[in-house]
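Enquirer: Below: one structure in structure tokens.
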Amino acid sequence: MASILTMACSTSSEPEGSLPEGAQLHLASASAADTRLTQTEDQTRPPSGDRGRTEAPVDQPGPVAAADADGGDEALDESADAELLFAVMLAEMALQSDDIHMALEAYLAASEKSRSTEVTEQAARLAAYADRWDVVDSSARRMLELEPESVEARLLLAAAEQRSGNKRASIDHLLDALERSDDRDATLREWQGAMERYQIPG
0 MASILTMACS TSSEPEGSLP EGAQLHLASA SAADTRLTQT EDQTRPPSGD
50 RGRTEAPVDQ PGPVAAADAD GGDEALDESA DAELLFAVML AEMALQSDDI
100 HMALEAYLAA SEKSRSTEVT EQAARLAAYA DRWDVVDSSA RRMLELEPES
150 VEARLLLAAA EQRSGNKRAS IDHLLDALER SDDRDATLRE WQGAMERYQI
200 PG
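Written as structure tokens, this is what we have:
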């Protein structure tokens with residue numbers, strides 16, 4: 000999913016009424032995802048001559064039996080992947096329309112359908128732009144469940160606590176992030192950028 004989720008974390012100013020530049024997503028991979036969805040539909044659509052048939056012949060397995068025979072788990076996985084791709088594409092299209100709230104809801108739905116740290120992080124960052132710090136907190140905690148050593152999750156938790164006025168907890172999360180970081184200077188710069196980007200008071 001990382002190829003679908005390319006976010007530019009810019010701190011430059013933006014025109015009023017539009018999304019912050021840092022929240023813009025590229026849709027270069029959306030057409031590819033749409034193609035995959037179309038292929039999934041084509042594979043599961045019955046031949047044109049069979050569409051009027053209401054029941055399977057006696058000597059052939061019905062839909063459920065066929066799924067079991069061919070691997071029901073694979074069919075379920077394909078269906079889940081299609082739903083996830085649809086949710087991500089919906090989020091990206093919402094961002095293109097400057098509808099950050101719809102994009103957030105779509106990414107939250109995508110996060111629930113996957114175990115992708117990238118999808119959950121994207122939901123957390125969009126929640127920060129939308130000033131939904133309760134969602135930032137819950138998404139960051141889910142990131143930690145998926146990736147216990149995540150520095151990004153700890154920085155998001157630090158930002159959420161700082162925004163809520165819990166400075167002691169914010170410092171604890173920040174120190175925890177620095178302890179796990181391979182580049183503390185870069186992590187500090189990222190933290191300072193987040194404070195400016197999300198307009199969090201010091």
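Numbering (numbering that gives the first Met the number 0), first residue to last: 0 to 201. Even for Gly, the Cβ is constructed at its ideal location relative to N, Cα and C.
Using a Cβ-Cβ cutoff of less than 8 Å, which residues in the same chain neighbour residue 148 once the five nearest sequence positions on both sides are dropped?
Expert: Within the sequence shown, the letter at position 149 stands for residue 148. Once the five neighbours on either side are set aside, the close Cβ partners of residue 148 are 179.
Enquirer: Rounded to whole angstroms, what is the Cα-Cα separation between residue 153 and residue 170?
Expert: By 1-based counting over the sequence shown, the position of residue 153 is 154. By 1-based counting over the sequence shown, the position of residue 170 is 171. Distance from the CA atom of residue 153 to the CA atom of residue 170, rounded to whole angstroms, is 10 Å.
Enquirer: If you reduce the DSSP assignment to three classes, tell me which class residue 199 lands in.
Expert: Locating residue 199 in the sequence shown gives position 200, counting from the first residue. Coil at residue 199, not helix or strand.
Enquirer: For the alpha helix (DSSP H) that residue 129 lies in, which residues bound it at each end?
Expert: Translated into the one-based positions of the sequence shown, residue 129 becomes position 130. Counting along the chain, residue 129 falls outside any alpha helix (DSSP H), and DSSP gives it neither H nor E.
Enquirer: Can at least three beta-carbon pairs, one atom from the segment 160–169 and one from the segment 177–192, be found at a separation below 8 Å?
Expert: no
Enquirer: Could you tell me if residue 195 is buried or exposed, where buried requires 16 or more neighbouring beta carbons within 10 angstroms of its beta carbon?
Expert: In the sequence shown, counting from the first residue as 1, residue 195 sits at position 196. The residue in question, residue 195, is exposed, as its Cβ has fewer than 16 Cβ neighbours within 10 Å.
Enquirer: Identify which residue in 90, 88, 108, 197 has its Cα closest to the Cα of residue 160.
Expert: Against the sequence shown, residue 160 aligns to sequence position 161. When C-alpha distances from residue 160 are compared across 90, 88, 108, 197, the shortest belongs to 197.
Enquirer: How big is the Cα-Cα spacing for residue 201 and residue 79?
Expert: For the purposes of this step, residue 201 is identified with residue 202 of the sequence shown, where counting begins at 1. For the purposes of this step, residue 79 is identified with residue 80 of the sequence shown, where counting begins at 1. If you take the alpha carbons of residue 201 and residue 79, they lie about 42 Å apart.
Enquirer: Looking at residue 96 and residue 122, is the spacing between their C-beta atoms short of 9 Å?
Expert: Position 123 of the sequence shown holds residue 122. Position 97 of the sequence shown holds residue 96. No, the Cβ-Cβ distance between residue 122 and residue 96 is not below 9 Å.
Enquirer: Could you check what DSSP says for residue 192 in three-state terms: helix, strand or coil?
Expert: Position 193 of the sequence shown, counting from 1, holds the residue named residue 192. Reduced to three states, the DSSP call for residue 192 is helix.
Enquirer: Classify residue 187 as helix, strand or coil using the three-state DSSP reduction.
Expert: If you number the sequence shown from 1, residue 187 lands on position 188. Helix at residue 187.
Enquirer: Might you give, ordered along the chain, the residues of its own chain that have their beta carbon closer than 7 Å to the beta carbon of residue 143, omitting 5 neighbours on each side?
Expert: Taking the first residue of the sequence shown as 1, we reach residue 143 at position 144. Result list for residue 143: 149, 152, in chain order.
Enquirer: For the alpha helix (DSSP H) holding residue 153, just list the boundary residues, first then last.
Expert: Sequence index remark: in the sequence shown, residue 153 carries index 154 (1-based). Counting along the chain, the alpha helix (DSSP H) containing residue 153 begins and ends at 150–162.
Enquirer: Can you list, in chain order, the residues of its chain whose CB lies under 6 Å from that of residue 191, leaving out five sequence neighbours each side?
Expert: Counting from one through the sequence shown, the residue named residue 191 turns up at place 192. Correct list: empty, nothing qualifies.
Enquirer: Between 174, 126, 110, 81, which lies nearest to residue 98 when the distance is taken from Cα to Cα?
Expert: Indexing the sequence shown from 1 puts residue 98 at position 99. Of the listed residues, the one whose Cα sits closest to residue 98 is 126.
Enquirer: Look up residue 169 in the DSSP assignment and say whether it is helix, strand or coil.
Expert: Locating residue 169 in the sequence shown gives position 170, where the first residue counts as 1. DSSP places residue 169 in helix when its eight states are reduced to three.
Enquirer: Could you tell me which of 193, 89, 91 sits nearest to residue 156, measuring between CA atoms?
Expert: Within the sequence shown, numbered from 1, the residue matching residue 156 stands at position 157. Checking every option, the nearest Cα to that of residue 156 belongs to 193.
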